[in-house]
Ligand SMILES: [Fe+2]
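So this is what it looks like as structure tokens:
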């Protein structure tokens, strides 16, 4: 009883669930190499079917989502989608930018209607039949319900308040839901016009960054401002929280103009601070109201805004909250799985799925890895007995190691299967990584992976371990030297805490601990600046060559560049 979930918008992808298991979930960018790829995810679907050895005929339930007017138009006119993608990534500058922007804001606020639903269903039927699917039931899931389902069915709580906050989808920018007895009940929707996500996107754009991609940079930059008092922050008044919803008196376009005016006369870091503070204040208020109204003290959340770890950290510290959970693929890239989980619940009454880790993509055999290595004469490689220890020793000797193991991670974070590893206590490794491989802005921090049992020694108020790098924690001041390469200027970090979900990676951390006394390393995604995370052995080798890296640990092979 498989359910296939599909998302064809920003960060398109596919997922297959059966019973209480997520069998596979992947995103199209990993195959096409266009970051956050848009469009019908042919390669993701094919990969799921071939990896799981399933014939399209075996899949009788297919979940798709989002049928608002703007999304439907991009299905009818795929060129619009590609054009917008290039514009958003700042690869193309169109004429009449302001008029186009204003039009975009207006059209994306229209909710679905009878016609857009019908067009969307017919579009998906045609595309799926082209791939060999037939005699299947097609379910159209609401955008925010798909986000909510992703959080609800993977969180492990019996009862929880589920919040979603993003830019816009199906006429809404967020929702508050109660998850109880395996059912999601929507308590409120937040209008597209009062979108905190679009607000943050607009500010990102006005800083010369890419909206829907560089919001984390804006958040990191905000730490470099002095603490501007609330009465001097005009942005706080753009929104207010009213019970279980967010309100505004401005149109989305008017708000863009207000932000534009402020950005023009404000230093970048101060502007970033005011924007971040506005997001934090209203989001926290909404969460507090939701907890009080539902008396559900466990909270799970998803949607693009949930990637803001500083905001998440404030929510975690709210005293009314007992347990928290952030769905690891919080943005639209998680919608394929979210919609599959929703249909899995509606049709097969599955109330929760196992979700211990996010290693849900393809993996590659020893033979496939060996064949890829053999075709590259510029590399020398040897098979080693204990690849984890070899990589750990190199990291402890202040080397940078590319690490490729097991199944590809699902979501924006590398979680120890497609990672670039380095010492967490090295003062110069950040510059070394940036010059050589990542070319990130100087103010963007790197993140750590650590043994969960070491988390309390290094960070404050840890509580239960976060396996997915979704939460901010403050480093203990006396431990700063141990984590100097993986904290931001305010000493916050976004750590991945490992228990038993990845034994090989755990072994590597244990070896680092033997050498240094602390099981912690710097873990950044295995990609070269601007590219998606690598998927295949060939991708890994190409990235190694492109970045001029010295060491790659792939499967059991220790690979060194000859030059
Ligand atoms: Fe969304």
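Numbering (this note's numbering), first residue to last: 30 to 592.
Glycine residues also receive a C-beta, built at the ideal position from the N, C-alpha and C atoms.
Using only the alpha-carbon positions, how far apart do residue i and residue j sit?
i           : j           : result
residue 483 : residue 540 : 13 Å
residue 105 : residue 373 : 28 Å
residue 95  : residue 492 : 36 Å
residue 436 : residue 497 : 15 Å
residue 445 : residue 204 : 32 Å
residue 274 : residue 69  : 33 Å
residue 89  : residue 157 : 12 Å
residue 40  : residue 202 : 18 Å
residue 277 : residue 233 : 20 Å
residue 282 : residue 269 : 18 Å
residue 407 : residue 335 : 43 Å
residue 195 : residue 545 : 41 Å
residue 46  : residue 371 : 10 Å
residue 566 : residue 351 : 42 Å
residue 238 : residue 67  : 19 Å
residue 460 : residue 454 : 13 Å
residue 200 : residue 180 : 20 Å
residue 214 : residue 443 : 33 Å
residue 153 : residue 418 : 48 Å
residue 342 : residue 312 : 12 Å
residue 86  : residue 33  : 12 Å
residue 272 : residue 224 : 16 Å
residue 420 : residue 448 : 12 Å
Do residue i and ligand 1 come close, with the Cβ less than 7 Å from some heavy atom?
i           : result
residue 42  : no
residue 195 : yes
residue 558 : no
residue 440 : no
residue 492 : no
residue 176 : yes
residue 172 : yes
residue 333 : yes
residue 218 : no
residue 34  : no
residue 198 : yes
residue 386 : no
residue 97  : no
residue 37  : no
residue 495 : no
residue 361 : yes
Quick check on this structure: which residue in the options has the alpha carbon closest to the alpha carbon of residue i?
i           : options               : result
residue 388 : 43, 37, 54 and 48     : 54
residue 471 : 445, 508, 429 and 517 : 517
residue 151 : 101, 294, 85 and 562  : 101
residue 332 : 399, 287 and 354      : 354
residue 75  : 65, 125 and 160       : 160
residue 573 : 413, 376 and 409      : 409
residue 222 : 245, 242 and 197      : 197
residue 261 : 289, 295, 229 and 245 : 295
residue 365 : 170, 249 and 147      : 170
residue 186 : 207, 304 and 122      : 207
residue 358 : 193, 118, 217 and 398 : 193
residue 338 : 528, 58, 524 and 110  : 524
Does the Cβ of residue i have 16 or more other Cβ atoms within 10 Å, making it buried, or fewer, making it exposed?
i           : result
residue 323 : buried
residue 136 : exposed
residue 475 : buried
residue 79  : exposed
residue 174 : buried
residue 438 : buried
residue 183 : buried
residue 564 : buried
residue 166 : exposed
residue 30  : exposed
residue 210 : exposed
residue 396 : exposed
residue 586 : buried
residue 427 : exposed
Measure the beta-carbon distance from residue i to residue j and round it to whole angstroms, keeping in mind my assumption that it falls under 8 Å.
i           : j           : result
residue 430 : residue 580 : 5 Å
residue 519 : residue 164 : Contact flag wrong, Cβ pair sits at about 56 Å.
residue 559 : residue 465 : Residue 559 to residue 465, Cβ: 14 Å. No contact.
residue 500 : residue 489 : At roughly 12 Å, the Cβ-Cβ gap does not stay under 8 Å, so residue 500 and residue 489 are not in contact.
residue 553 : residue 456 : With a Cβ gap of about 16 Å, residue 553 and residue 456 do not count as contacting.
residue 485 : residue 526 : Wrong, their Cβ atoms sit about 10 Å apart, outside the cutoff.
residue 534 : residue 511 : Not confirmed; about 19 Å, so no contact.
Could you tell me whether the Cβ of residue i comes closer than 8 Å to any Cβ of chain C?
i           : result
residue 269 : You won't find chain C in this structure, because it holds only one protein chain.
Looking at ligand 2, does it come within less than 7 Å of residue i, judged from the CB to the closest heavy atom?
i           : result
residue 450 : Absence of ligand 2 from the depicted structure is noted, with ligand 1 being the only ligands included.
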